[in-house]
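In my numbering, the protein residues as written are 571 to 975. Note that the Cβ used here is the ideal one computed from N, Cα and C, for glycine as well. This one's a predicted model, so the numbers in the text were calculated from it and none came from an experiment. In what follows, a single structure is set out as structure tokens and then discussed.
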Ligand code: 5CA
Ligand code: ZN
């Protein structure tokens with residue numbers, strides 16, 4: 571699928587350090603050193619409602635990681651999916667009387683426009699699940715053949731215990747959660763622990779047999795149906811990158827069950843770990859609750875830019891929070907971002923002087939993408955009264971994605 575226009579990213583002199591990133595399974599800071607090419611998979615949107623600032627914050631976190639890898643001298647392959655067939659999308663389409671394909675296409679268009687206005691580096695491969703159904707069918711068939719999947723009626727489920735016995739993965743490897751927590755989260759986040767006939771209530775669906783009124787695809791020996799959620803990301807990652815990925819990313823709401831089972835599916839299919847690092851961004855709240863399409867408490871990037879807000883101010887508002895924090899979007903966050911943009915612009919207009927920011931910015935950002943500390947370094951330079959050093963504006967542009975002057 572078409573992604574969006576790549577923003578200019580200036581090359582800076584020399585190279586920055588290899589970034590370190592927080593790894594969820596080991597709860598530790600890990601060097602995100604690519605084997606050859608840095609490979610990043612970030613879970614993309616389910617396009618049933620407009621992109622909100624929570625999504626934007628998650629994609630901005632991984633945009634920072636890509637900028638640091640590029641600055642460290644690595645080539646990067648970045649893949650992002652679009653879950654353009656899933657229960658919430660179909661439910662919304664039915665409720666509003668809009669064709670599910672039209673609903674998805676319109677929301678993906680809005681998402682592209684938002685990402686482009688925020689100068690987010692686009693994925694090299696932007697892949698909708700509807701584009702890879704045959705590849706998913708083939709993967710599910712292989713899981714059945716190897717005994718890592720089983721049928722319940724016309725549905726096919728992943729056999730967590732069988733996969734664990736035959737691969738480097740086990741249930742809990744990625745999330746490190748206890749069983750009760752997994753059961754609760756499964757019920758909350760798209761799983762079906764109460765479905766009768768499953769070998770383990772946590773086993774996720776791989777292939778959902780055709781239901782009346784739902785779209786379906788030919789499944790060969792699987793019968794007609796549509797893909798489950800976790801197999802989508804496992805297969806898209808395998809189709810476009812080498813396994814293990816350097817980093818699997820997404821919001822914290824995806825730790826379980828989504829990334830746990832994407833990891834399980836990939837391990838059962840390849841014999842390898844899905845990723846070296848599992849990274850998770852904090853969730854952005856609005857008016858006291860997690861910003862979410864289902865709750866409807868959304869702040870949309872397009873609303874803000876439509877009202878004349880400079881997208882660089884939005885970007886600075888988001889980057890003022892560490893990506894792993896859960897935080898709340900308020901008018902004050904936006905005001906501060908815009909104010910910062912103004913003060914940086916005034917600074918940029920002063921005659922060149924001062925100590926170069928580049929070494930400090932590189933070091934700060936390489937420590938788990940510490941954008942608040944990076945902004946504070948720039949603020950201190952702005953407060954010093956003199957102008958930017960040679961190369962400072964290019965450094966802000968390349969590493970923070972904010973073009974000043
Ligand atoms: N299509 C699936 C992933 S395969 C999905 O979770 N879609 S989504 O539209 O619900 O979310 C898209 C991305 O934004 C995911 O990485 C998700 O973890 C992240 N996200 C969702 N809500 C928030 C929020 N309030 N704050 C930060 N990130 C969020
Ligand atoms: Zn995903």
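Quiz item: Exposed or buried, what is residue 920 when buried is set at 16 or more other beta-carbons lying within 10 Å of its beta-carbon?
Solution: Burial call: exposed.
Practice problem: Measure the C-alpha to C-alpha separation of residue 720 and residue 776 and round it to an integer number of angstroms. | Solution: For residue 720 and residue 776, the distance between alpha carbons rounds to 9 Å.
Quiz item: In chain order, what residues of the same chain have a beta carbon less than 8 Å from the beta carbon of residue 683, not counting five sequence neighbours either side?
Solution: If we look at residue 683 and ignore the five residues flanking it on each side, its Cβ neighbours are 574, 872.
Quiz item: To which residues of the same chain is residue 590 closer than 7 Å at the C-beta, ignoring the five residues directly before and after it?
Solution: Counting only residues of its own chain and dropping the five nearest sequence neighbours on each side, residue 590 has a CB closer than 7 Å to the CB of 599, 600, 601, 602, 936, 937, 938.
Quiz item: For the ligand 5CA, is there a heavy atom less than 7 Å away from the beta-carbon of residue 867?
Solution: Answer for residue 867: no, Cβ out of range of the ligand 5CA.
Exercise. Count the other C-beta atoms from every protein chain shown that fall within 10 angstroms of the C-beta of residue 750, then say buried if there are 16 or more, exposed otherwise.
Key: By the 10 Å Cβ count, residue 750 comes out exposed.
Quiz prompt | Alpha-carbon to alpha-carbon, residue 930 and residue 817 | solution = Residue 817 and residue 930 have their C-alpha atoms roughly 25 Å apart.
Quiz item: How is residue 686 classed by DSSP in three states: helix, strand or coil?
Solution: Here residue 686 sits in helix by DSSP.
Self-check item: Nearest-residue set for the ligand ZN, Cβ under 5 Å from any heavy atom
Solution: My final list is 613, 803.
Exercise. Specify the secondary structure class of residue 893 as computed by DSSP and reduced to three states.
Key: The answer is coil: DSSP assigns residue 893 none of H, G, I, E or B.
Quiz item: Is the CB-CB distance between residue 587 and residue 631 below 8 Å?
Solution: Cβ distance not < 8 Å, so residue 587 and residue 631 don't count as in contact.
Quiz item: Regarding residue 685 and the ligand 5CA, is the C-beta to nearest heavy atom distance less than 7 Å?
Solution: No - the ligand 5CA has no heavy atom lying nearer than 7 Å to the Cβ of residue 685.
Self-check item: contact_flag[the region 945-955, the region 647-655] where n(CB pairs < 8 Å) is 3 or more
Solution: These segments do not touch.
Exercise. In the DSSP assignment, find the unbroken alpha helix (DSSP H) run with residue 743 in it and report its ends.
Key: Where residue 743 is concerned, there is no enclosing alpha helix (DSSP H), given that its DSSP letter is neither H nor E.
Self-check item: Boundaries (first-last residue) of the alpha helix (DSSP H) holding residue 964
Solution: First-last of the alpha helix (DSSP H) with residue 964: 962-965.
Self-check item: Beta-carbon gap between residue 980 and residue 814 smaller than 8 Å
Solution: Here the chain comprises residues numbered 571 to 975, so residue 980 is not present and cannot be evaluated.
Quiz item: Expressed to the nearest angstrom, what Euclidean distance is found between the alpha-carbon atoms of residue 810 and residue 974?
Solution: Cα-Cα distance, rounded: 35 Å.
Self-check item: Best match in 925, 864, 745, 718 for proximity to residue 952 [C-alpha to C-alpha]
Solution: Checked all of 925, 864, 745, 718; the closest Cα to residue 952 is 925.
Quiz prompt | Heavy atom of the ligand 5CA within 7 Å of residue 860 beta-carbon | solution = Flag set: Cβ of residue 860 near the ligand 5CA.
Self-check item: Local Cβ density within 10 Å of residue 583, reported as buried at 16 or more and exposed below that
Solution: Burial check for residue 583: the Cβ neighbour count within 10 Å stays below 16, so the residue is exposed.
Quiz item: Can you list, in chain order, the stretches of the alpha helix (DSSP H) that have 4 or more residues and sit fully within the region 611-660?
Solution: Whole alpha helix (DSSP H) segments, 4+ residues: 623-641.
Quiz item: Taking the Cβ atom as the reference point for each residue, do residue 703 and residue 592 lie within a distance shorter than 8 Å?
Solution: No Cβ-Cβ contact shorter than 8 Å links residue 703 with residue 592.
Self-check item: residue 706 to residue 697 span [Cα, whole Å]
Solution: Taking the straight line joining both Cα atoms gives about 13 Å.
Exercise. Would you check if the distance between the CB atom of residue 752 and the CB atom of residue 826 is smaller than 8 Å?
Key: For the pair residue 752 and residue 826, the CB atoms are nearer than the 8 Å cut-off.
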